[in-house]
Amino acid sequence: MRVLIIGCGRVGARTAMELDRRGENVTIIDSDQRAFLKLPAKFGGASVRGSGTDEAVLREAGAGMTDLLMALTEGDNRNALAAQIGKHLFGIPRVVAKINDPVRAEAYRSLGLETICRTVILSDALVLSAMEGAEATDGEVLPPTAEPIQGAPTPGSRAHAIARAAAREEEGVELENREPEAARVGTVRDPGQEA
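According to the working numbering, the stretch in the sequence shown is residues 16 to 210, in order.
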């Protein structure tokens, strides 16, 4: 798979290294040449200096032959713009934009952009970590007895409270009398909850 990453900060560099390690064809763009120093000497991908919103730079980086574009800079608007350019100008089949502001994330999703909101991911991890018996591991925070399920959490359970908090975060509104919808695959189930 050909992957184009925009932004060689901590997230971009780590993502590029991991994809390269897995054998993917990776090109990373950053406007600061020094940013590429975050990549190890054994990095087998390509690096291109320039703006990820510049058509000429994207063309030079191979955007026309890319399967996946990941916009991972620190700027929400810059990431959304780069993702839109990749999707609409270059026809990249899958584009992902890293977003910090959950409200913007929803707006960008309404434009057809796939987003990853680190604010939501971090807050969910912190809530789970604070729960009794939760353990933090490399990249995920789950109670020791957690298992993936489908279905709505039991009202009054910790999973129910987390689902309500996540829904408020995603929607930016209070749920009032609504209950969380059926859980998505991978949702953490409270150990005492019936499946």
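The C-beta atom is built at its ideal place from N, Cα and C for all residues, glycine as well.
Query: Contact belief for residue 12 with residue 72 at Cβ below 8 angstroms, rounded distance in angstroms; Result: Nothing about residue 12 can be reported from this structure: the residues present for the chain run from 16 to 210 only.
Query: Residue 16 versus 82, 89, 145, 56, residue with shortest Cα-Cα distance; Result: 82
Query: Residue ranges of each alpha helix (DSSP H) within the region 93 to 155, 4 or longer; Result: 117 to 125, 133 to 145
Query: DSSP state of residue 10 mapped onto helix, strand, coil; Result: Absent from the model: residue 10. The displayed extent of the chain is 16 to 210, so no value can be given.
Query: Within the region 67 to 95, ranges of the beta strand (DSSP E) (whole runs, at least 3 residues); Result: 83 to 86
Query: Same chain only: Cβ atoms within 6 angstroms of residue 29, ignoring 5 sequence neighbours per side; Result: none
Query: Reference residue 10, options 109, 112, 92, 87, closest by Cα; Result: The chain is shown only over 16 to 210; residue 10 falls outside these bounds and no answer can be derived.
Query: First and last residue of the uninterrupted alpha helix (DSSP H) at residue 35; Result: 25 to 36
Query: CB-CB length for residue 54 against residue 62, believed under 8 angstroms; Result: 7 angstroms
Query: Contact under 8 angstroms by Cβ, residue 128 with residue 98; Result: yes
Query: Proximal residues to residue 66 (C-beta, below 7 angstroms), its chain only, five neighbours per side dropped; Result: 46, 72
Query: Residues sharing a beta bridge with residue 61, DSSP; Result: 42
Query: Nearest-angstrom beta carbon gap, residue 131 and residue 114 [assumed within contact, 8 angstroms]; Result: 7 angstroms
Query: Cα-Cα separation, residue 21 to residue 89; Result: 10 angstroms
Query: Cβ-Cβ separation, residue 18 to residue 212 (assumed contact under 8 angstroms), whole Å; Result: In the structure as shown, the chain starts at 16 and stops at 210, and residue 212 therefore has no counterpart that could be examined.
Query: Residue from 58, 56, 75 whose Cα sits closest to the Cα of residue 64; Result: 75
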